[in-house]
Ligand SMILES: Nc1ncnc2c1ncn2[C@@H]1O[C@H](COP(=O)(O)OP(=O)(O)O)[C@@H](O)[C@H]1O
Ligand SMILES: [Mg+2]
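Numbering (our numbering), first residue to last: 54 to 310.
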């Protein structure tokens with residue numbers, strides 16, 4: 054679905070050049086659910102924007118087999134139109150002049166996301182979780198085959214987060230959608246994704262498969278390995294903090310899965 058080949062990205066601004074990504078190679082297969090994790094500033098948003106075609110790579114290339122209009126993007130904030138109702142926000146793409154007839158069933162989406170009773174509400178009448186659900190509905194309305202999500206639940210409280218995670222998993226299990234989900238929350242990554250990819254300082258730093266039936270112990274161990282990749286990088290180089298002594302080193306499972 055998407056192949057990222059030796060991609061680098063340099064931003065040139067007043068503060069000089071910033072190398073946000075360097076030599077990153079990854080593949081996202083059709084129907085997969087990948088979580089992208091790493092510290093703030095490691096290049097997660099940059100990679101997502103490059104995949105979306107919102108930004109141009111400085112080196113390497115990105116091969117995407119889906120047309121741009123079938124790529125949906127969900128931001129951390131809902132970014133709803135305050136003067137439009139919930140239903141109108143979901144149908145916003147139709148108003149914005151997208152290709153006719155290429156949209157989902159707005160009423161069905163509202164029902165699936167538990168928003169049917171709020172269809173006529175305005176955004177300011179909604180809780181944060183509901184607003185973010187509307188944002189997700191607006192993205193689904195365009196029938197995306199590839200959904201790119203940038204810390205979409207980051208601003209929500211724990212309970213709301215759990216509910217939305219369950220909603221998202223349900224949607225993904227219906228099939229036909231490939232998801233790339235950015236989060237800095239390892240537990241969220243493990244709850245949602247089949248695969249966790251770690252970026253560190255703009256470089257690929259490991260990929261970890263997530264078995265759906267992880268025991269509590271295996272989950273803890275995986276969590277620690279991912280944390281080590283985030284902190285120390287793929288090779289586990291750098292000075293190991295006492296905290297990591299005895300922790301298993303991240304296993305490189307290949308960037309081109
Ligand atoms: N438009 C931009 N102009 C200049 N530098 C940028 C721009 N966007 C991101 N950066 C820089 O690129 C690096 C990666 O940023 P980003 O992709 O937003 O990281 P993350 O999403 O992982 O926090 C950071 O050092 C950031 O300051
Ligand atoms: Mg970001």
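We put the beta carbon where it would ideally sit given N, CA and C, even for glycine.
Predicted, not measured: the structure shown is a model, and the values here were computed from it.
{"query": "Close-in-space but distant-in-sequence residues of the same chain around residue 188 (CB under 7 angstroms, 5 per side omitted)", "result": "127, 131, 132, 133"}
{"query": "Identity of the residue in 123, 143, 240 nearest residue 174 by Cα", "result": "143"}
{"query": "In chain order, each alpha helix (DSSP H) run of at least 4 residues that lies wholly inside the segment 225 to 255", "result": "239 to 245"}
{"query": "Whole alpha helix (DSSP H) elements within the segment 116 to 177, 4-residue minimum", "result": "139 to 143, 145 to 148, 159 to 165"}
{"query": "With 16 other Cβ atoms within 10 Å as the buried cut-off, status of residue 225", "result": "buried"}
{"query": "Nearest-angstrom Cα separation, counted from residue 166 out to residue 289", "result": "For residue 289, the predicted structure reports a pLDDT of 43, less than 50, and the residue's modelled location is therefore unreliable. A value from the coordinates is still provided. C-alpha separation (whole angstroms): 42 angstroms."}
{"query": "Residue burial classification, residue 234 (beta-carbon count within 10 angstroms, cutoff 16)", "result": "buried"}
{"query": "Given 8 angstroms, three or more beta-carbon pairs between the segment 65 to 79 and the segment 212 to 232", "result": "no"}
{"query": "Residue 67 (DSSP reduced to helix, strand or coil)", "result": "coil"}
{"query": "Length of the line joining the Cα atoms of residue 80 and residue 118", "result": "12 angstroms"}
{"query": "Pocket of ligand 3 defined by Cβ to heavy atom distance under 5 angstroms", "result": "The model depicted lacks ligand 3 and carries ligand 1 and ligand 2 instead."}
{"query": "Range of the contiguous beta strand (DSSP E) that encloses residue 86", "result": "86 to 90"}
{"query": "Exposure label - residue 112; buried when at least 16 CB within 10 Å", "result": "exposed"}
{"query": "Identity of the residue in 253, 84, 65, 203 nearest residue 110 by Cα", "result": "65"}
{"query": "Contact set for residue 162: own chain, Cβ-Cβ below 7 angstroms, skip 5 residues either direction", "result": "143, 190, 193, 194"}
{"query": "Burial state of residue 68, where buried means 16 or more other Cβ atoms lie within 10 Å", "result": "exposed"}
{"query": "For residue 201, the first and last residue of its enclosing beta strand (DSSP E)", "result": "199 to 203"}
{"query": "Collapsed DSSP secondary structure at residue 289 in the structure displayed", "result": "Here the model assigns residue 289 a pLDDT of 43, short of 50, so the residue's position is not dependable and the matter cannot be decided."}
{"query": "Coarse secondary structure for residue 284, derived from DSSP in three states", "result": "helix"}
{"query": "Range covered by the alpha helix (DSSP H) that runs through residue 194", "result": "181 to 194"}
{"query": "Through-space distance from residue 185 to residue 239, alpha-carbon basis", "result": "21 angstroms"}
{"query": "Residue 58 versus residue 115 - alpha carbon distance", "result": "6 angstroms"}
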